[in-house]
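Reviewing the structure listed below.
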Amino acid sequence: MLLEVIRSRRSIRNYQDRPVEEEKLQACFDILRYAPSACNSQPWHFVVVTDYEKRRALCDTFTGAYSFNRFADRAPVILAAVIDREKKIPFLGSMVRRVNFALIDVAIACEHILLQACALGLGGCWIGWFNERAIKKILAIPRSKKVISLLTLGYPESQPSAERERRSVAEIVSFNRWRSREDAT
Ligand SMILES: Cc1cc2nc3c(=O)[nH]c(=O)nc-3n(C[C@H](O)[C@H](O)[C@H](O)COP(=O)(O)O)c2cc1C
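Quick note: the sequence shown uses the numbering used here, first residue 7, plus one each step.
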């Protein structure tokens with residue numbers, strides 16, 4: 007079941023004019039709690055936007071270079087995924103490794119939400135390209151917080167094919183030692 011959901015999930019940018027039931031949203035939020043995180047820090051906070059005026063205001067920020075995300079104005083739910091708090095040890099680890107663990111944690115939680123949504127017949131799409139300052143202002147998110155992504159959720163208007171361009175396993179996996187992309191082809 008889970009693997010089927012992973013295989014069939016597509017980014018959905020067209021939504022029916024139909025609200026998402028509260029129980030389905032709660033199921034998405036419950037499942038995100040099970041996402042792994044560095045030192046179990048669970049650094050995420052999600053602002054859920056269902057209010058019509060607020061959604062309008064968010065979508066009005068998709069202008070100029072952001073205008074290709076205008077499709078979000080058809081989504082009945084928009085989430086803002088935020089790094090809320092960072093525990094000291096993973097934060098220090100992030101500095102040493104120069105890998106932002108909290109960002110990874112929030113991204114995994116986002117994928118949990120999208121997979122649960124897909125399993126419930128909903129669709130969603132990541133929005134990584136947005137005017138963070140404007141979004142923070144509308145949602146009263148403090149300047150000190152980092153908004154990792156927005157996610158749209160809703161009932162798909164149409165279901166895109168599960169088939170899509172994906173790199174082959176041979177190209178993206180190597181056994182026992184590094185192998186460059188050129189060697190694989
Ligand atoms: C970090 C991230 C940022 C993304 N940002 C956007 C975005 O700003 N707008 C958009 O339409 N899709 C965005 N996407 C969706 C990708 O375009 C999509 O996942 C990719 O084309 C593969 O298609 P699929 O999700 O249908 O398999 C983003 C996806 C990720 C993971």
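The beta-carbon is built from N, C-alpha and C at its ideal position, and this holds for glycine as well.
Judged by pairs of C-beta atoms under 8 Å, the region 22-36 touches the region 150-161, as three or more such pairs exist.
Straight-line spacing of the CA atoms in E59 and S180 works out to 50 Å. In terms of side-chain proximity, the C-beta atom of R16 is found nearer than 7 Å to a non-hydrogen atom of ligand 1. Taking every protein chain shown into account, the CB of W50 has 16 or more other CB atoms within 10 angstroms, so this residue is buried. C116 is a Cβ neighbour of A87, given a cutoff of 8 Å. A distance criterion of 7 Å places the beta-carbon of C34 beyond contact range of ligand 1, judged by its closest non-hydrogen atom. In the assembly as shown, D36 is an exposed residue. Its beta-carbon has fewer than 16 other beta-carbons within 10 Å. Taking 3 residues as the minimum length, the beta strand (DSSP E) runs contained wholly in the region 98-140 are 129-133, in order along the chain. In the DSSP assignment, the residues bridged to P162 are Y21.
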